[in-house]
Every structure is written in structure tokens, then in C-alpha cells.
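**Student:** Here it is, the structure in full.
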Amino acid sequence: WWDDLWLNESFATWASVLCQSQATEYTGAWTTFATVEKAWAYRQDQLPSTHPIACDIPDVQAVEVNFDGITYAKGASVLRQLVAYVGLEEFLAGLRLYFTRHAWGNATLADLLAALEQASGRDLSGWSAQWLETTGLNTLRPEFTVDGDGAFSSFAVLQSGARPGADERRTHRLAVGVYDSPANRSDRALVRTHRVELDVSEGRTEVPELIGVPAGQLVLVNDDDLTYCTMRLDEKSLATLVDRIGDITESLPRSLCWSAAWEMTREAEFTARDFVAVVLAGLPAETEVGVVQRLLAQAQVALSSYADPVWASEDGWPRFASTLMNLVSAADPGSDHQLALVNALTTSLLGKPELDALAGWLAGDGVPEALAVDTDLRWRLLQALAAHDVVDEDEIAAEQDRDATATGRRQAERTRALLPTAAGKERAWQRAMRDDELPNAISEAIIGGFSHPAQKQLLVPYLDRYFAEIADVWDRRTSERAQSCVVGLFPSWVVEQRCVDAASTWLEAAEHPPALRRLISEGRAGVVRALAARAFDTGSS
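Quick note: the sequence shown uses our numbering, first residue 2, plus one each step.
Structure below.
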């Protein structure tokens with residue numbers, strides 16, 4: 002029964018987004034899904050621990066680690082692809098048939114697919130094998146030529162084999178969208194001028210419907226985000242993304258461009274510094290707050306792990322922080338966007354101007370218009386100051402007295418863990434790794450405050466200690482409690498080959514539980530990816 006865990010979680014994820022987009026004021030739900038949930042799925046599916054959506058679940062530990070981006074976000078993405086393949090109304094009719102036919106009984110995935118086949122007339126005999134029993138992502142990209150009049154003279158969609166996986170190609174129901182600035186508009190808006198929907202199943206699929214169509218400024222081969230893939234842009238479209246992403250009027254194609262840029266950054270095909278520059282330039286035009294939050298977090302990862310550290314320290318972080326300060330001032334007073342920008346500031350590497358401003362906001366001086374400096378934001382501001390050694394234990398204790406709640410205690414523990422002293426880090430480490438009686442919430446708060454972009458050198462000694470101690474933590478605690486330490490304290494702040502080597506040595510040295518090995522191998526893979534992206538960014542300077 003647990004082997005179909007994915008269907009329960011994936012269906013709930015897909016259905017919730019569908020309902021949000023069609024029955025609530027959150028009509029941009031698919032935009033947030035494309036930027037947030039799918040980014041989670043892509044990351045999980047590119048790890049060495051990737052697994053098929055439908056996989057064997059032999060024990061409880063396997064259940065716990067498989068509540069992941071594949072079970073939820075990839076599964077929901079694949080269901081969305083299935084809906085595109087059979088049609089939404091046909092899909093819903095198939096569901097009604099399935100629920101009626103199997104009411105008060107048990108059913109299998111085969112029963113569901115049979116009902117969908119009957120309702121849609123589509124052959125789904127190979128769908129499960131293609132989508133549920135394989136791993137990895139196909140990469141889709143356009144290949145075209147343009148004639149002297151600026152129209153397509155040839156157009157094809159290229160599909161790579163799934164990676165990581167067995168190089169499988171899948172059948173994708175997708176849309177190709179062409180975007181341009183129409184001559185009858187006075188602004189620079191980029192809007193969709195042509196759309197073709199088709200099935201792509203081979204390595205190369207011709208699209209004759211686009212012959213003679215004006216080539217425009219931007220081509221998206223997964224327009225409307227119907228399928229699960231990574232998308233690449235042609236050279237002209239990439240230049241449009243860099244220079245004009247804010248001119249794309251609709252949020253979903255804009256989100257697909259953001260996703261393509263981020264995946265190219267992670268694959269060392271687009272420099273981290275260019276990604277950060279595009280984010281800073283495009284943020285003012287971004288309408289979806291969920292997308293804003295994700296872009297800010299991705300830019301922070303790019304600066305902290307993917308960029309040349311010298312450039313990040315001397316140019317990247319200062320530019321990021323000062324731009325965010327300007328955007329806070331320009332944001333609609335009291336808006337969610339304003340708060341998202343402030344929250345990102347509180348978790349960034351800051352200079353004296355930003356720290357002085359945050360200290361002022363905490364004291365009630367110079368607060369941006371309509372920004373509510375409530376209890377939660379006070380803690381965030383204090384944590385930013387603590388991470389940069391601007392406040393000490395006395396001020397943390399005073400804030401805890403001000404917020405004498407369980408939440409206040411958790412926030413105080415996180416703030417103390419952020420203090421950039423050797424003694425403070427040692428105390429946090431001992432409590433997180435050795436104190437098995439700590440409540441889960443307190444332990445997670447300490448782990449959340451242990452590392453910060455401003456403190457990487459201070460944390461280097463914990464590389465070796467992590468690998469010396471982590472197996473014992475796993476043995477002493479339940480897997481759920483141990484996971485927070487394994488993942489949250491993995492020394493990803495050491496973006497160096499020695500971190501990869503230490504993880505490899507640990508994995509090779511002894512027999513460890515499969516669930517623990519999986520988490521360590523995922524951490525190692527993240528550092529390997531960061532090293533490649535950093536080398537690419539450094540080489541571009």
C-alpha cells in the first residue's frame with residue numbers, strides 16, 4: 002500500500018493548486034507552483050538518491066525520507082502532464098467514473114488509468130512505465146532557423162534523454178509559445194503572439210505549424226508549464242530574459258523564464274553573478290509574492306554557494322543588500338512584497354549601512370512606511386544583528402523577556418546560535434548534536450541559527466566533527482529527529498573539494514543505514530554542484 006504513497010500526496014498537491022487557480026482569488030497558483038514546487042522537484046530529481054515516483058517502500062524509514070520533492074512536487078507535475086495529455090474535462094470525467102466504479106472498495110493505479118482511458122480515448126498503456134517507473138528529467142530546447150523577413154523557416158523541439166536515469170525519452174504534451182512586442186502597442190510589453198500545442202516523444206520533433214510565423218523575441222518550448230522537464234532557451238531568448246524579463250506581462254511565462262535561468266545556473270550554464278543581476282533587475286516587475294520570495298532565496302544561494310567568493314564578498318552581497326534596501330523604500334507600503342524584501346535582508350550578508358538601518362527599525366527609527374515591526378519581525382531584525390556581532394546576550398535576553406512565549410523561547414535559541422563567536426557555536430553544536438532531551442522545536446531552532454553567510458570561516462572546524470559524530474546521532478535518535486541534524490548541519494558552507502572528499506570517505510568507510518547514507522549522499526551532491534557552478538562563475542570574471 003505504501004508503494005502508492007505518491008498518488009495520495011501528488012493528487013492532493015495537484016488538486017489543491019487547481020482549486021486555488023479556478024475557485025479562489027489566487028488565480029496565479031500555477032505560477033507559484035512552477036517556481037516553488039517544481040524547483041523542489043527538479044532539485045530532488047537531480048540528486049543521486051532520486052527514485053521513481055512509484056517506488057518500493059520496504060520500511061518506515063523509507064517512508065519518512067520519501068516524503069520528498071518527488072513524491073509531492075514531481076508527482077503533481079506529472080499528473081498535470083497527464084491532464085494535459087488527456088484533457089481536463091476528460092480527466093475529471095475519468096475520476097468520476099473511477100470513484101463510482103470503485104466506491105466502498107480498494108483500487109489500484111491500473112484501475113485509475115483504465116477509467117481515464119475510457120473517458121478520454123487516449124492510450125495510456127505506456128504512460129505509467131514512462132512517467133512513474135523512471136527517474137530524472139528530460140531537457141527540451143528549440144532548434145530553428147529564421148528567414149530574411151524574421152519568420153521561422155524551420156522549427157523543431159529537441160528532447161534529451163532523462164538525466165539522471167537510463168536516457169529515456171518520454172511523450173510530452175506541451176505548448177510552444179512565441180512572445181513579441183506587437184507594433185500596435187506603445188509600451189515594451191512582451192506578449193504571446195503564437196501558440197502551438199503538440200505531442201513530443203522523440204529526440205527531435207518538427208513543428209511545421211510554426212513555419213512562416215514571426216520569430217519574435219522569446220520562445221518557450223514548455224509554455225503554460227504543461228509538462229515536467231527542464232527547459233532551455235535559444236541565444237536570442239536568453240538575451241531577452243536578461244534584458245527584458247520585466248516586460249513579460251503574464252506571470253506564468255515570466256516564472257518559466259525564472260525557472261530556466263535558475264536551472265541553467267545550477268547546471269553551470271549561466272553564471273551566478275548574471276543570475277543575481279537578472280533577479281535584482283526583474284524583481285520590481287514581479288507580481289506574485291511567492292515568486293519574489295523564491296527568487297530572493299535563490300539569489301542568496303547563488304551568492305553564498307555558486308558565485309566566486311571574492312566577487313560575492315566585494316561586489317555581489319553589497320549590491321544585493323543595497324538594492325534590496327532601495328526596493329524596500331519603493332515597495333507599496335505595508336505590502337507582502339515589502340515584507341518579503343525585508344525578510345530577505347535579515348538573512349543576508351550585510352554591510353554597515355544596512356545594519357544601521359535594521360538597528361534603527363528595531364528601535365523604531367526610520368521604519369519604512371507601513372512596515373509593521375511586530376514580534377516576529379523584531380526577532381528577525383535582532384537575528385540579523387546577532388549574526389553580524391552587533392548585539393549580544395543581554396539584548397537577546399531582553400527581547401525574550403519582552404516575548405515570554407514558547408515562540409519567544411525558540412526565537413531566542415535561534416538568535417543565540419547565530420552569535421558569531423567560537424564559544425557560541427560550540428554551545429549550539431553541543432546542544433544540537435548531544436542533548437537528546439531537547440524538544441524538537443528548540444533543536445530545530447538552534448540548527449536553523451548555526452550557519453550564516455557571514456560566518457563561513459568560523460564554521461570550518463565543524464566539517465570533520467560532523468562526519469565523526471553524525472552516525473552516533475542517527476543511532477541514538479529516531480530517524481525523524483536525527484534528520485534535522487543530518488540535513489541542517491551538513492557542512493555545505495565548506496564549498497571545497499575537502500568537503501566532498503570527507504563525505505565520500507564517510508560513505509565508503511562503514512556500513513550505515515540506507516536512509517542515513519541517502520541524506521549524506523544528497524549533501525555531498527549539493528557541494529559537488531556548488532563547486533561546478535562556482536568554477537564556472539569564477540572563470541567568467
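The C-beta atom is built at its ideal place from N, Cα and C for all residues, glycine as well.
These figures come from a predicted structure and were not determined experimentally.
Helix, strand or coil for W2 per DSSP?
**Tutor:** For W2, the predicted model reports a pLDDT of 48, less than 50, meaning its position is unreliable; a value from the coordinates is still stated below. Coil at W2, not helix or strand.
**Student:** Is the stretch 505-514 in contact with the stretch 24-36, if contact means three or more CB pairs nearer than 8 Å?
**Tutor:** Proximity of the stretch 505-514 to the stretch 24-36 falls short of the contact definition, fewer than three beta-carbon pairs being nearer than 8 Å.
**Student:** Any contact of the stretch 149-165 with the stretch 14-29, i.e. 3+ C-beta pairs under 8 Å?
**Tutor:** No contact exists between the stretch 149-165 and the stretch 14-29.
**Student:** What number of angstroms, rounded off, separates the C-alpha of E523 from the C-alpha of Q45?
**Tutor:** 9 Å
**Student:** Tell me, please, which residues DSSP counts as bridged to G178.
**Tutor:** Looking at the DSSP output, G178 bridges to R196 and L221.
**Student:** Between the alpha carbons of G122 and E438, how many angstroms are there, rounded?
**Tutor:** 58 Å
**Student:** Is it buried or exposed, V18, if we count other Cβ atoms within 10 angstroms and call 16 or more buried?
**Tutor:** Looking at its Cβ environment, which holds 16 or more other Cβ atoms inside 10 Å, V18 is buried.
**Student:** So what does DSSP say about S541, is it helix, strand or coil?
**Tutor:** helix
**Student:** List, from N- to C-terminal side, the alpha helix (DSSP H) runs of 4 residues or more that fit wholly inside the stretch 357-428.
**Tutor:** Entirely contained in the stretch 357-428, the alpha helix (DSSP H) runs reaching 4 residues are, in chain order, 376-388, 394-403 and 407-419.
**Student:** Less than 7 Å between C-beta atoms, sequence neighbours within five positions excluded: which residues of the same chain meet that for A322?
**Tutor:** L346, S349, L351, G352 and E355
**Student:** For the putative contact between L1 and V487, defined by C-beta atoms under 8 Å, what is the C-beta separation to the nearest angstrom?
**Tutor:** Because the chain here runs from 2 to 542, residue 1 falls outside it and cannot be looked at.
**Student:** Please tell me whether G283 and I246 are closer than 7 Å, where the distance is taken between their beta carbons.
**Tutor:** Yes, the Cβ-Cβ distance between G283 and I246 is below 7 Å.
**Student:** Quick check on the burial criterion: 16 or more other C-beta atoms within 10 angstroms. Buried or exposed for P369?
**Tutor:** buried
**Student:** For N9, collect the residues of the same chain with a Cβ closer than 6 Å to its Cβ; drop the 5 residues on either side in sequence, then sort them by chain order.
**Tutor:** none
**Student:** Just to confirm the assignment, what range does the alpha helix (DSSP H) spanning F156 have?
**Tutor:** Segment F153 to Q160 is the beta strand (DSSP E) holding F156; no alpha helix (DSSP H) there.
**Student:** Looking at the unbroken beta strand (DSSP E) that takes in F491, where does it start and where does it end?
**Tutor:** F491 -> no beta strand (DSSP E), and no H or E assigned at all.
**Student:** Taking E38 as the reference, which of D436, G213, L257 and P515 has the closest Cα?
**Tutor:** Of D436, G213, L257 and P515, the residue nearest in Cα terms is L257.
**Student:** Which of helix, strand or coil does DSSP assign to V201?
**Tutor:** strand
**Student:** Would the stretch 203-210 and the stretch 224-234 be scored as touching if the rule is three or more Cβ pairs under 8 Å?
**Tutor:** These segments do not touch.
**Student:** Which value, in whole angstroms, describes the spacing of the CA atoms of P143 and L199?
**Tutor:** 14 Å
**Student:** In whole angstroms, what is the alpha-carbon distance linking G361 and D69?
**Tutor:** 41 Å
**Student:** Suppose you measure from the CA of S444 to the CA of W132; what does that come to, to the nearest Å?
**Tutor:** For S444 and W132, the distance between alpha carbons rounds to 38 Å.
**Student:** Please classify A510 as buried or exposed, where buried requires at least 16 other C-beta atoms within 10 Å of its C-beta.
**Tutor:** Exposed is the call here.
**Student:** Indicate whether the contact test is met: 3 or more Cβ pairs, each with one atom in the stretch 302-313 and one in the stretch 267-281, closer than 8 Å.
**Tutor:** yes
**Student:** If you drop the 5 nearest sequence neighbours on each side, which residues of the same chain put their C-beta closer than 6 Å to that of A184?
**Tutor:** none
**Student:** Taking the alpha carbon of G204 as the point to measure from, which residue in G489, G162, A398 and D390 has its own alpha carbon closest?
**Tutor:** G162
**Student:** Tell me whether the beta-carbon of T140 lies closer than 7 Å to the beta-carbon of G166.
**Tutor:** no
**Student:** Considering Cα atoms alone, identify which of G409, L383 and Y229 is closest to Q160.
**Tutor:** Of the candidates G409, L383 and Y229, the one whose C-alpha sits nearest the C-alpha of Q160 is Y229.
**Student:** Just to confirm, are T553 and G217 a CB contact at a threshold of 7 Å?
**Tutor:** The shown model of the chain, from 2 to 542, leaves out residue 553, and the question about it has no answer.
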